[in-house]
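Right, one structure below, let's go through it.
Residue numbers (our numbering): 118 to 224.
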């Protein structure tokens with residue numbers, strides 16, 4: 118009877134050892150997978166950092182382009198206003214010359 122109990126205990130211990138070994142194998146595989154995932158995440162973080170830097174650079178360029186466009190717009194508007202005054206002056210001069218020509222023709 119004692120031998121049967123010892124055999125049964127020995128069988129249970131053997132089964133327990135096998136179960137622990139299987140658990141260790143599964144844990145080891147999970148560790149390898151987690152290591153791989155961590156490496157992939159690190160790579161993705163580096164890529165995201167690069168993308169963030171690219172976006173910041175583009176935002177800076179867009180801001181600079183916007184400022185340049187705004188300055189150009191102001192310069193063009195100034196030229197248009199100035200051209201309006203020149204046109205008015207030329208219109209007045211043309212009218213004056215037309216009157217002078219009209220007076221000369223009557224003489």
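Cβ coordinates follow ideal geometry from the N, Cα and C atoms, glycine included.
- Taken through DSSP and simplified to helix, strand or coil, residue 161 comes out as helix.
- Rounded to whole angstroms, the separation of the alpha carbons of residue 163 and residue 198 is 52 Å.
- Rounded to whole angstroms, residue 131 and residue 150 show a C-alpha spacing of 29 Å.
- In this structure, DSSP gives residue 224 a state outside helix and strand, which the three-state scheme calls coil.
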